[in-house]
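Undergrad: Structure in structure tokens, see below.
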Amino acid sequence: MGFWGLYVVGRSDEPLKEHPALRDARERLTLREHRAGGWQVWSHPVEPPPGSMTALADAAGSPFLLGSVMDGSCVAVEAAAPHGGTWYACLGREPMSELLGRDGATPEDLFLPPEDAAARAVGWAAESGHGVLEGPLLELLRVERPEQSAEELFFAFLERLGI
-6 MGFWGLYVVG
4 RSDEPLKEHP
14 ALRDARERLT
24 LREHRAGGWQ
34 VWSHPVEPPP
44 GSMTALADAA
54 GSPFLLGSVM
64 DGSCVAVEAA
74 APHGGTWYAC
84 LGREPMSELL
94 GRDGATPEDL
104 FLPPEDAAAR
114 AVGWAAESGH
124 GVLEGPLLEL
134 LRVERPEQSA
144 EELFFAFLER
154 LGI
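Be aware that the sequence shown starts at -6, since it is given in this note's numbering, and climbs by one per residue.
Structure below.
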């Protein structure tokens, strides 16, 4: 069995774990890394998600992103921005399909198609102050069965978002 856990990504001058919307998750949040521009990546070992990405984005006035890594093979991405709203994407569609299929669901039931997710990701990045290209994001979102781990795929997605 692979890694199961969450990554919370946001920009703040203060540690994200101090944000009121993450109050219930503080004890389980661990700083993974600081990135340029004040971006922080925190990990949380289990589900449910540590807080509402919409509440975080609205309260902070800045975009936030959550990556739910499932069995080390795929990632459910939830992104929110104060003006752009919330959107959901999938990294590693075949493994996600296999996991969801146990309950009779499909990636199409829960996530945007790769083309729509890439377009929303470009808007999310723009709202966070980054001009990014849709093509490289779409390339990752179209990966059916990743050769790398889900964590590596997620961090590649962050890079392509300009984080």
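Using N, Cα and C, we set each Cβ at its ideal position, and we do this for glycine too.
1) Can you tell me whether Val68 is helix, strand or coil according to DSSP?
2) Go to Val1, then tell me how far its beta strand (DSSP E) extends in each direction, as first and last residue.
3) Given a cut-off of 8 Å, decide if Ser5 and Ala53 are closer than it, judged by their beta-carbon atoms.
4) Assuming Gly65 and Ala143 make a contact with CB atoms under 8 Å, what is their CB distance in whole Å?
5) In or out: Glu71 buried (at least 16 other Cβ within 10 Å) or exposed?
6) Between which two residues does the alpha helix (DSSP H) holding Gly128 run?
7) Three-state secondary structure (DSSP) at Thr23?
8) Would you mind reading off the limits of the beta strand (DSSP E) that contains Thr99?
9) Quick check: Arg113 and Leu133, are their CB atoms within less than 8 Å of each other?
TA: Reading from the atomic positions:
1) Residue mapping note: residue 68 aligns to position 75 of the sequence shown, counting from 1. In this structure, Val68 counts as strand in the three-state DSSP scheme.
2) The sequence position of residue 1 within the sequence shown is 8, counting from 1. Start and end: Gly(-2) to Arg4.
3) The sequence position of residue 53 within the sequence shown is 60, counting from 1. The sequence position of residue 5 within the sequence shown is 12, counting from 1. Cβ distance < 8 Å, so Ala53 and Ser5 count as in contact.
4) Counting from one through the sequence shown, the residue named residue 65 turns up at place 72. Counting from one through the sequence shown, the residue named residue 143 turns up at place 150. With 8 Å as the limit, Gly65 and Ala143 qualify as a contact, their Cβ atoms being about 5 Å apart.
5) Mapped onto the sequence shown, residue 71 falls at position 78. Its Cβ being crowded by 16 or more others within 10 Å, Glu71 is buried.
6) Taking the first residue of the sequence shown as 1, we reach residue 128 at position 135. Looking at the DSSP string, the run of the alpha helix (DSSP H) that includes Gly128 is Glu127 to Leu134.
7) As a first step, residue 23 is located in the sequence shown; it is residue number 30 there, counting from the start. Of the three classes helix, strand and coil, the one that applies to Thr23 here is strand, per DSSP.
8) The residue you call residue 99 lines up with position 106 of the sequence shown. From DSSP, Thr99 is part of no beta strand (DSSP E); its letter is neither H nor E.
9) Walking along the sequence shown from the start, residue 113 turns up at place 120. Walking along the sequence shown from the start, residue 133 turns up at place 140. No.
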